[in-house]
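Engineer: Mapping the sequence shown onto UniProt numbering, position 29 (from 1) lands on 29, and the numbers just tick up by one. The C-beta atom is built at its ideal place from N, Cα and C for all residues, glycine as well. Let me begin by handing over the structure; questions about it come next.
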Amino acid sequence: MSERGGYCCCIHNCNSSSNPKRGIKTTLFRFPKDTKRSRLWVLACGRDNLLNKTAMELYNNYRVCKLHFENKMFFNFEKTRLQPNAVPNFQIRNKSM
């Protein structure tokens, strides 16, 4: 968590945050604890600096906002619960939030 409180989306150029003082407030999801799934998320984020992080480091310190998931990746209408196989896509900026 940052010194100003809250988390930011780790996708490059995304202004989403869990704290409205830091950006656009929206739902953020932790990286998976599973090493293989966590690596898929890192690759989808397009951030090379995350490649050397462990799954637990990613889980504890990084988040991805709901704008980077396809609608079919959610369990519910509110888009607060992800499917177990959900993987973000840095190109998606889901406008139907």
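Distance, Cα to Cα, Pro6 vs Asp34?
Structural biologist: According to the sequence provided, residue 6 is Gly. The question's Pro does not apply to it. Between Gly6 and Asp34, the C-alpha separation is close to 23 Å.
Engineer: On the premise that Ser16 lies in contact with Leu28, defined as a C-beta separation below 8 Å, what is that separation, rounded to the nearest angstrom?
Structural biologist: Going by Cβ atoms, the distance from Leu28 to Ser16 rounds to 7 Å, so yes, they are a contact pair.
Engineer: At what residue ranges does the UniProt domain "THAP-type" (1-91) contain a whole run of the alpha helix (DSSP H), taking only runs of 4 or more?
Structural biologist: Correct list: 35-45, 55-61.
Engineer: Can you tell me whether Leu51 is buried or exposed? The criterion is at least 16 other CB atoms within 10 Å of its CB, across all chains shown.
Structural biologist: With fewer than 16 Cβ atoms within 10 Å of its Cβ, Leu51 is classed as exposed.
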